[in-house]
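Residue numbers (the working numbering): 3 to 464.
Here is the structure:
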């Protein structure tokens with residue numbers, strides 16, 4: 003790498019780290035290590051030509067785009083012009099073509115790698131007191147996102163089969179592994195919502211090799227199948243899930259551990275059609291599980307010892323699963339990932355990876371604020387942290403220690419209210435506007451309107 007190019011990259015890395023409150027010597031201040039970031043860019047991109055929208059500049063603008071309220075490329079290019087002006091550099095054009103091409107050149111592997119590395123380093127560097135009994139608790143859940151109705155997107159992420167052609171939108175399914183302690187997205191997998199091996203359980207099977215021995219996994223009853231549990235137990239992962247609605251629980255059987263609390267042996271069922279014989283042969287013939295009736299539901303867990311983990315502790319542990327719902331809501335609603343903007347499948351994958359990377363970077367700032375203010379990350383508001391991070395954007399570029407201190411203090415002051423047992427109806431008060439629903443493809447309705455206008459003009463002239 004040429005000396006001037008390397009110097010520019012080092013300076014871009016320094017500003018990138020400063021943008022997300024990373025500083026040497028600070029607690030959790032090395033989630034984005036400068037040397038490793040340069041190494042990752044070199045490995046994922048290789049050689050590149052120095053230009054206005056270099057790899058790291060494009061990466062930072064892409065992150066700014068998904069963190070901002072506008073999300074348009076025009077707003078992002080304006081941000082880039084503002085940054086160059088503040089640094090005394092030559093102004094760039096406001097035409098979005100160059101930025102869009104640079105974003106297309108940005109490797110998906112770099113975005114994905116950075117997102118996972120930031121989450122992993124944040125999770126590894128957090129205080130042990132944040133964990134449950136010193137163990138990492140991971141939350142699993144799935145969701146869907148929609149995207150523009152283009153032929154390329156429809157081919158890779160088909161719309162729901164119940165929708166007529168031209169009236170629906172392509173939909174992608176996403177399964178995420180989220181840290182309970184720091185809230186970072188550690189792993190994720192995505193696919194279409196239609197077709198074989200595209201369900202949430204199939205995506206979790208892909209992520210399973212990335213789980214670590216000693217993890218505690220919390221998920222809903224959808225994942226509570228024999229083979230899924232067997233695969234997790236084989237990896238040395240403990241789990242807490244509600245009993246599947248098709249399995250009958252009889253507390254008169256098995257080893258009694260307490261009131262509606264027993265240990266029971268599950269027997270391996272017959273091989274399903276989707277599993278080949280080689281994998282089926284590796285599955286254990288029996289599983290020793292603990293079934294507990296607590297909090298109005300039956301929980302299934304591999305935490306067998308009732309003296310070590312009591313029923314109320316299991317109920318509280320499973321109750322923390324709701325955090326993954328809130329985290330996905332923050333990503334989809336607060337960060338607006340619910341409706342994507344990119345026109346091609348490759349860019350859709352990059353857009354999702356950019357959202358998850360940006361989310362982890364905000365979580366890293368929240369973790370620093372929690373350490374500074376002697377709080378837990380889950381006590382802080384994600385939306386408030388995002389608002390403050392965007393508000394301090396211009397000051398953070400200059401990497402002043404006072405700015406970092408004030409930002410972390412402000413983030414730490416935005417604590418979530420303690421509202422136990424809060425319930426809200428799943429209904430909205432504000433009525434939608436009385437627009438008609440589109441029942442035919444847009445081009446058909448557009449042609450009909452044009453013909454109607456032509457008939458009206460002809461009638462006026464006759």
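Cβ atoms here follow ideal geometry from the backbone N, Cα and C, with glycine treated the same way. Values in this document were obtained by computation on a predicted structure and should not be read as measured data.
Please classify residue i as buried or exposed, where buried requires at least 16 other C-beta atoms within 10 Å of its C-beta.
i	result
residue 226	buried
residue 184	buried
residue 452	exposed
residue 446	exposed
residue 172	buried
residue 365	buried
residue 53	exposed
residue 72	exposed
residue 218	buried
residue 248	exposed
residue 339	buried
residue 433	exposed
residue 250	exposed
residue 460	exposed
residue 117	buried
residue 175	buried
residue 93	exposed
residue 275	exposed
residue 277	exposed
Going by Cα to Cα distance, which pick from the options is closest to residue i?
i	options	result
residue 308	323, 410, 98 and 291	291
residue 298	280, 190 and 317	317
residue 252	259, 264 and 246	264
residue 353	364, 363 and 341	341
residue 386	371, 212, 277 and 92	371
residue 421	52, 381 and 312	381
residue 323	379, 12 and 139	139
residue 404	152, 356, 11 and 20	20
residue 345	461, 156 and 431	156
residue 104	61, 32 and 137	61
residue 190	197, 181 and 74	181
residue 211	187, 194 and 239	239
residue 97	311, 410 and 82	82
residue 124	101, 378 and 32	32
residue 391	374, 149 and 368	368
residue 262	295, 233 and 288	295
residue 84	63, 246, 45 and 195	63
residue 99	119, 89 and 78	78
residue 400	25, 8 and 136	25
residue 122	188, 133, 286 and 88	188
residue 343	102, 6 and 57	102
residue 362	23, 8, 12 and 7	23
Taking just the CA atoms, how far does residue j sit from residue i?
i	j	result
residue 282	residue 376	48 Å
residue 3	residue 107	Low per-residue confidence applies at residue 3: pLDDT is 47, beneath 50, and the placement is therefore not dependable, though the value from the model is reported in the following sentence. So the alpha carbons of these two residues sit roughly 19 Å apart.
residue 306	residue 257	11 Å
residue 146	residue 456	42 Å
residue 115	residue 40	13 Å
residue 443	residue 349	25 Å
residue 186	residue 396	25 Å
residue 273	residue 279	8 Å
residue 450	residue 463	20 Å
residue 162	residue 244	28 Å
residue 284	residue 229	10 Å
residue 407	residue 393	14 Å
residue 320	residue 329	16 Å
residue 355	residue 254	49 Å
residue 260	residue 304	16 Å
residue 398	residue 384	19 Å
residue 402	residue 224	48 Å
residue 164	residue 215	42 Å
residue 438	residue 34	49 Å
residue 2	residue 55	A query on residue 2 cannot be resolved here, the shown segment of the chain reaching from 3 to 464 and no further.
Within the continuous alpha helix (DSSP H) that includes residue i, where are the two ends?
i	result
residue 266	Careful: residue 266 lies outside any alpha helix (DSSP H), inside the beta strand (DSSP E) at 263-269.
residue 103	99-107
residue 230	228-236
residue 158	153-158
residue 446	444-463
residue 326	324-331
Where do the N-terminal and C-terminal ends of the beta strand (DSSP E) with residue i fall, by residue?
i	result
residue 257	257-260
residue 113	Counting along the chain, residue 113 falls outside any beta strand (DSSP E), though it belongs to the alpha helix (DSSP H) covering 110-127.
residue 341	Residue 341 -> no beta strand (DSSP E), and no H or E assigned at all.
residue 145	139-148
residue 244	240-244
Does chain D have any CB closer than 8 Å to the CB of residue i?
i	result
residue 92	Of the protein chains in this structure there is only one, and it is not chain D.
(message) Which complete alpha helix (DSSP H) runs does the segment 352-414 hold, if anything under 4 residues is left out?
(response) 384-393 and 395-398
(request) Within the segment 290-316, note down every full beta strand (DSSP E) run reaching 3 residues or more, in order along the chain. (result) 299-303
(message) Please give the ranges of any beta strand (DSSP E) in the segment 170-224, keeping only runs that are unbroken, at least 3 residues long and fully inside the region.
(response) 173-181, 187-194 and 218-220
(request) Counting only runs of 4+ residues fully inside the segment 28-83, write out the alpha helix (DSSP H) ranges in chain order. (result) 36-47 and 57-69
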